[in-house]
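Have a look at the structure below before the remarks.
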Amino acid sequence: MEPIEPALVERAQPVSIDVLVVGAGITGVYQLYRAREEGFSVKLIEAGGGVGGTWYWNRYPEARFDSESYTYAYLFSEELFNEWEWTEEFAGQPEIERYMNHVIDRFDLRRDMQFGSRVTSAVYDESSGTWTVRASDGSEFRARFLVAAVGVLSIPQLPDVPGREDFRGESFHTGNWPTTPVDFAGKRVAVVGTGSSGVQVIPAIASEVASLTVYQRTANWCTPLNNRPITPEEQADLRANFEAIREVLNTSAGGFLHSPHDRATFDDSKEERRAFYEKMWKSPGFAKLGSNYTDMIPNKAANAEFCEFIAEKIRRIVKDPETAEKLTPKDHGYAGKRPPFVTDYFEAYNNANVSLIDLKETPMVRVTETGIETNEGLREFDIIVWATGFDFGTGALARMGIRGRHGLALEEYWADGPSTFLGIQTCGFPNLFFPGGPHGAAANNPRYNGDQVDFIIDTLLYMRDHGYGTIEVDSAAEGEWTNMMNSNAGNSPFLESSYFYGSNVPGKPRRLLLNPCGRLVLHEKMADVVKNDYKAYAFTKEEGAEGRPIRGEEPRRVDRNCSDE
Ligand code: N01
Numbered sequence: 008m009e010p011i012e013p014a015l016v017e018r019a020q021p022v023s024i025d026v027l028v029v030g031a032g033i034t035g036v037y038q039l040y041r042a043r044e045e046g047f048s049v050k051l052i053e054a055g056g057g058v059g060g061t062w063y064w065n066r067y068p069e070a071r072f073d074s075e076s077y078t079y080a081y082l083f084s085e086e087l088f089n090e091w092e093w094t095e096e097f098a099g100q101p102e103i104e105r106y107m108n109h110v111i112d113r114f115d116l117r118r119d120m121q122f123g124s125r126v127t128s129a130v131y132d133e134s135s136g137t138w139t140v141r142a143s144d145g146s147e148f149r150a151r152f153l154v155a156a157v158g159v160l161s162i163p164q165l166p167d168v169p170g171r172e173d174f175r176g177e178s179f180h181t182g183n184w185p186t187t188p189v190d191f192a193g194k195r196v197a198v199v200g201t202g203s204s205g206v207q208v209i210p211a212i213a214s215e216v217a218s219l220t221v222y223q224r225t226a227n228w229c230t231p232l233n234n235r236p237i238t239p240e241e242q243a244d245l246r247a248n249f250e251a252i253r254e255v256l257n258t259s260a261g262g263f264l265h266s267p268h269d270r271a272t273f274d275d276s277k278e279e280r281r282a283f284y285e286k287m288w289k290s291p292g293f294a295k296l297g298s299n300y301t302d303m304i305p306n307k308a309a310n311a312e313f314c315e316f317i318a319e320k321i322r323r324i325v326k327d328p329e330t331a332e333k334l335t336p337k338d339h340g341y342a343g344k345r346p347p348f349v350t351d352y353f354e355a356y357n358n359a360n361v362s363l364i365d366l367k368e369t370p371m372v373r374v375t376e377t378g379i380e381t382n383e384g385l386r387e388f389d390i391i392v393w394a395t396g397f398d399f400g401t402g403a404l405a406r407m408g409i410r411g412r413h414g415l416a417l418e419e420y421w422a423d424g425p426s427t428f429l430g431i432q433t434c435g436f437p438n439l440f441f442p443g444g445p446h447g448a449a450a451n452n453p454r455y456n457g458d459q460v461d462f463i464i465d466t467l468l469y470m471r472d473h474g475y476g477t478i479e480v481d482s483a484a485e486g487e488w489t490n491m492m493n494s495n496a497g498n499s500p501f502l503e504s505s506y507f508y509g510s511n512v513p514g515k516p517r518r519l520l521l522n523p524c525g526r527l528v529l530h531e532k533m534a535d536v537v538k539n540d541y542k543a544y545a546f547t548k549e550e551g552a553e554g555r556p557i558r559g560e561e562p563r564r565v566d567r568n569c570s571d572e
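If you count the sequence shown from 1, you need to add 7 to reach the working numbering.
Take a look at the structure:
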């Protein structure tokens with residue numbers, strides 16, 4: 008082989024830009040669009056081979072929305088809303104990926120996007136107030152602002168079961184699904200995990216495989232998704248009502264169109280309640296939460312009655328009473344864990360080739376070269392599907408090699424759980440934003456992530472107008488927000504056993520990773536920042552710029568002692 012000329016192996020000059028966005032999910036693409044529209048020089052890099060983020064990686068059979076397609080999609084352009092006709096109320100992954108490709112082509116965003124580029128380090132340089140970001144493909148950027156739109160469900164979590172890597176058949180995690188189709192026909196298949204992903208895969212492949220063994224650790228309160236095609240009349244209605252729809256989605260707590268109910272459970276007679284639960288059962292997706300009785304979550308008796316209604320449904324659908332019993336949750340009420348919405352899930356267990364192993368009764372001992380061994384023996388498989396969830400909320404942010412002032416590692420600063428301001432910034436990491444990260448909200452994700460992107464853009468415009476080069480959140484403001492998140496965790500319906508607390512990741516601190524105060528409080532606090540002339544931040548001036556220091560003072564110095572006291 009010819010020796011390589013030294014000049015050729017030298018690193019190329021880093022690309023210098025205003026904004027580097029990491030992640031081509033729904034949030035990152037919107038951030039790229041907004042930044043470019045406002046005249047910032049911006050690039051987006053993405054580890055995957057294409058656009059979509061979560062919806063790129065989770066391409067397992069029957070992966071689909073459980074928010075109505077048009078409520079999950081972008082609302083920033085009426086033309087886009089009108090020209091894209093979703094075929095189903097709840098679109099499947101291929102259609103979602105097509106939509107995302109359409110968006111980036113329609114707005115000519117692709118030219119500023121780089122795929123197959125995973126961030127390996129992102130280091131803040133105090134002297135220049137910029138971030139140096141390096142990626143797995145050798146590229147290097149110097150950016151004034153780093154926006155890590157890396158998602159909350161991006162790092163697949165695989166169980167620490169002995170022998171997992173010894174398995175000689177094919178194995179896949181739902182969150183890292185191959186782009187080439189997996190051939191299930193006639194195969195002996197195991198699915199481990201019965202969260203939202205597992206319960207979508209199971210009925211999708213049940214009739215195709217030779218045998219399907221489901222390994223369930225915790226049963227879930229699954230109810231029907233009730234998906235259906237969107238009729239031409241409905242398409243026309245959607246277009247005619249764009250402004251009204253956008254208003255509801257932009258201002259409601261949940262970011263859904265479901266109308267809240269006006270009655271509490273025991274306002275109704277037993278017969279009326281029964282009829283109402285039947286209506287809920289037939290309602291689309293999250294209507295079971297958004298349009299249910301007002302006290303269904305906080306009132307234990309109300310919640311128990313709704314659960315008993317679902318349990319009855321399970322007993323009626325699943326022919327084998329023992330299997331039905333195993334599929335009925337015992338350790339949490341409705342919405343104690345994130346409830347999945349399903350299509351023919353319970354029905355799948357009536358297929359003779361489908362069996363259920365309850366891991367609480369029959370624990371998994373090890374994975375062998377040929378299959379999975381429980382304390383009742385070995386079952387052999389051709390394919391194992393790990394539907395075992397994610398390192399939620401902070402997983403991706405903690406793996407990017409983010410180093411702030413004084414070389415502080417983000418994962419170290421957050422060793423006891425995330426400390427954020429508005430779920431967007433953290434002290435000690437100037438000019439870093441992470442929309443859609445921990446402490447954001449608990450709602451229809453693109454809606455509140457979009458609110459955060461808009462807030463970031465307003466902040467960058469404010470800085471540009473004032474000639475500021477760096478921004479860092481004040482430790483007191485961060486402490487206040489973080490305390491509010493932690494002290495209100497008990498108001499969230501989710502139990503500590505839910506992955507929303509990081510409980511599925513060994514060694515991860517148990518902190519609620521959502522915003523239990525909800526989207527409307529996030530709105531209120533973001534509005535307060537603007538009203539108070541951004542006093543939650545310290546700014547420094549861009550060299551040679553003419554801007555005024557905030558509140559007429561010299562830029563405040565932030566104490567490095569960032570705390571969440
Ligand atoms: O992950 P999960 P997911 N041995 O963490 C089990 C979104 N999403 O990928 O409950 C055996 O919910 C674990 O058991 P347990 C949605 O927000 C949306 O399914 O911890 N089992 C659980 O059953 C969702 O909430 C859609 O006891 C093990 C499962 O694996 C989020 O993504 C579709 C185990 C993991 O469930 C994550 O869903 C799909 C072990 N060692 C996903 N470890 C839509 O419909 C874990 N499990 C839009």
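Heads up, the beta-carbon is just placed ideally off N, CA and C, and yes, glycines get one too.
| Taking the C-alpha atoms as reference points, what is the distance between Thr-61 and Phe-397? | Numbered from its first residue, the sequence shown carries residue 61 at position 54. Numbered from its first residue, the sequence shown carries residue 397 at position 390. Those two C-alpha atoms are separated by around 11 angstroms.
Any idea what DSSP makes of Trp-421, helix, strand or coil? By 1-based counting over the sequence shown, the position of residue 421 is 414. Reduced to three states, the DSSP call for Trp-421 is coil.
Reference Asp-73; option with closest CA among Asp-535, Arg-345, Thr-34 and Ser-362
By one-based count along the sequence shown, residue 73 stands at place 66. For Asp-73, the nearest C-alpha among the options comes from Arg-345.
### Query
Tell me which same chain residues have a C-beta within less than 6 angstroms of the C-beta of Glu-147, skipping the five on either side of it?
In the sequence shown, residue 147 corresponds to position 140, counting from 1. Once the five neighbours on either side are set aside, the close Cβ partners of Glu-147 are Pro-21 and Arg-141.
*Grab me the residues of Val-374's own chain with a C-beta within less than 6 angstroms of its C-beta, minus the 5 sequence neighbours each way, in chain order.*
Residue numbering aside, residue 374 sits at position 367 when the sequence shown is read from its first letter. Answer for Val-374: Val-168, Gly-170, Arg-171 and Phe-174, listed in chain order.
- Message: So that I know if they touch, is there some Cβ in chain E lying closer than 8 angstroms to that of Tyr-544?
- Response: Protein chains in the displayed structure number just one, and chain E is not present.
message = Please classify Asn-89 as buried or exposed, where buried requires at least 16 neighbouring CB atoms within 10 angstroms.
response = Taking the sequence shown and counting its residues from 1, one reaches residue 89 at position 82. Exposed: under 16 other Cβ atoms inside 10 Å.
inquiry  = Quick check: is any heavy atom of the ligand N01 less than 7 angstroms from the C-beta of Arg-117?
reply    = In the sequence shown, counting from the first residue as 1, residue 117 sits at position 110. Flag unset: Cβ of Arg-117 not near the ligand N01.
Round the Cβ separation of Ser-499 and Pro-347 to the nearest angstrom and send it over; I've been treating them as touching at under 8 angstroms. For this step, residue 499 is matched to residue 492 along the sequence shown. For this step, residue 347 is matched to residue 340 along the sequence shown. The beta-carbon separation of Ser-499 and Pro-347, rounded to 18 angstroms, does not stay under the 8 angstroms limit for a contact.
Requested in this report: For the stretch 389-462, list the alpha helix (DSSP H) runs that are entirely contained and at least 4 residues long, ordered along the chain.
Outcome: 417-420
- prompt: Three or more beta-carbon pairs under 8 angstroms between the stretch 426-436 and the stretch 179-186, yes or no?
  reply: no
- Query: Can you name the start and end residues of the beta strand (DSSP E) that Leu-363 belongs to?
  - Reply: Counted from its first residue, the sequence shown places residue 363 at position 356. That run of the beta strand (DSSP E) goes 361-365.
Top-ranked residue by Cα proximity to Asn-357, from Val-325, Asp-365 and Ala-543: Translated into the one-based positions of the sequence shown, residue 357 becomes position 350. Here the closest residue by C-alpha is Val-325.
- Message: Quick check: Pro-523 and Asn-495, are their CB atoms within less than 8 angstroms of each other?
- Response: Here residue 523 corresponds to residue number 516 of the sequence shown, with the count starting at 1. Here residue 495 corresponds to residue number 488 of the sequence shown, with the count starting at 1. Yes, these two residues count as a Cβ contact at 8 angstroms.
With DSSP as the reference, label Ser-494 as helix, strand or coil.
As a first step, residue 494 must be located in the sequence shown, where it is residue number 487. Here Ser-494 sits in helix by DSSP.
(request) Would you mind stating whether Val-460 and Gln-121 have Cβ atoms separated by less than 8 angstroms? (result) Here residue 460 refers to the residue found at position 453 when the sequence shown is read from its first residue. Here residue 121 refers to the residue found at position 114 when the sequence shown is read from its first residue. No, the pair does not count as a contact, with Cβ atoms beyond the cut-off.
May I ask whether a heavy atom of the ligand N01 can be found less than 7 angstroms away from the beta carbon of Ala-355?
Against the sequence shown, residue 355 aligns to sequence position 348. Because no heavy atom of the ligand N01 lies under 7 angstroms away, the Cβ of Ala-355 does not count as near it: no.
Report buried or exposed for Arg-270, applying the criterion of at least 16 other Cβ atoms within 10 angstroms of its Cβ. Within the sequence shown, numbered from 1, the residue matching residue 270 stands at position 263. So Arg-270 ends up on the exposed side.
Helix, strand or coil at His-180 [DSSP, three-state]: Counting from one through the sequence shown, the residue named residue 180 turns up at place 173. It is a strand residue.
With DSSP run on the structure shown, which of helix, strand or coil describes Glu-503? As a working note, residue 503 is residue 496 in the sequence shown. Look at Glu-503 here: in three-state DSSP terms it is coil, with no helix or strand label.
message: Taking the beta carbon of Asn-248 as the centre, do at least 16 other beta carbons fall within 10 Å, making it buried, or is it exposed?
response: If you number the sequence shown from 1, residue 248 lands on position 241. Exposed, because fewer than 16 other Cβ atoms sit within 10 Å of the Cβ of Asn-248.
**Message:** According to DSSP, simplified to helix, strand and coil, what is Thr-377?
**Reply:** Taking the first residue of the sequence shown as position 1, residue 377 is located at position 370. DSSP places Thr-377 in coil when its eight states are reduced to three.
- Message: Helix, strand or coil, according to DSSP, for Tyr-352 in the structure here?
- Response: If you number the sequence shown from 1, residue 352 lands on position 345. The answer is helix: DSSP assigns Tyr-352 an H, G or I state.
I'd like the list of long-range same chain contacts for Pro-218, defined as Cβ closer than 6 angstroms, with 5 residues on each side in sequence excluded. In the sequence shown, counting from the first residue as 1, residue 218 sits at position 211. Note that residue 218 is Ser in the sequence shown here, rather than Pro. Arg-195 and Asn-360, listed in sequence order.
Report task. Could you name the residues of the same chain whose beta carbon sits closer than 7 angstroms to that of Asn-310, not counting the 5 residues immediately before and after it, in chain order? Result -> Against the sequence shown, residue 310 aligns to sequence position 303. Cβ neighbours of Asn-310 beyond the five flanking positions: Met-303, Ile-304, Gly-340 and Tyr-341.
Exercise for the section: Tell whether a beta-carbon distance below 8 angstroms holds between Ile-52 and Ser-128. Expected result: As a first step, residue 52 is located in the sequence shown; it is residue number 45 there, counting from the start. As a first step, residue 128 is located in the sequence shown; it is residue number 121 there, counting from the start. No. Outside cutoff.
> What do you reckon, is the C-beta of Tyr-341 under 7 angstroms from a heavy atom of the ligand N01?
Replying inline: Reading the sequence shown from its first residue, position 334 is the one you call residue 341. Every heavy atom of the ligand N01 is 7 angstroms or more from the Cβ of Tyr-341, so no.
- Query: If you follow the alpha helix (DSSP H) that Thr-588 is part of, which residue opens it and which one closes it?
  - Reply: As displayed, the chain neither begins before 8 nor continues past 572, which places residue 588 out of reach and without an answer.
Please state the DSSP three-state secondary structure of Ser-76. The sequence position of residue 76 within the sequence shown is 69, counting from 1. Note: Ser-76 maps to helix in three-state DSSP.
Could you tell me which residues DSSP puts in a beta bridge with Thr-477?
What you label residue 477 is simply residue 470 of the sequence shown in a count that begins at 1. According to DSSP, which records beta bridges pairwise, Thr-477 is partnered with Thr-547.
Worksheet entry | With 16 other Cβ atoms within 10 Å as the buried cut-off, status of Leu-232 | Counting from one through the sequence shown, the residue named residue 232 turns up at place 225. So Leu-232 ends up on the buried side.
* For Phe-462, which residues of its own chain have a beta-carbon under 6 angstroms away from its beta-carbon, when the five flanking residues on both sides are left out? -> Residue numbering aside, residue 462 sits at position 455 when the sequence shown is read from its first letter. Met-533.
- How long is the line joining the alpha carbons of Val-154 and Leu-439, rounded to whole angstroms? Along the sequence shown, one-based indexing puts residue 154 at 147. Along the sequence shown, one-based indexing puts residue 439 at 432. Those two C-alpha atoms are separated by around 6 angstroms.
Continuous beta strand (DSSP E) stretch holding Phe-293: start and end:
In the sequence shown, counting from the first residue as 1, residue 293 sits at position 286. Phe-293 -> no beta strand (DSSP E), and no H or E assigned at all.
Exercise. So, is Lys-337 buried or exposed, given that buried needs 16 or more other C-beta atoms within 10 angstroms?
Worked result: As a working note, residue 337 is residue 330 in the sequence shown. Under this definition Lys-337 is an exposed residue.
At what residues does the beta strand (DSSP E) containing Leu-39 begin and finish?
Residue mapping note: residue 39 aligns to position 32 of the sequence shown, counting from 1. First-last for Leu-39: 33-44, but that is the alpha helix (DSSP H), not the beta strand (DSSP E).
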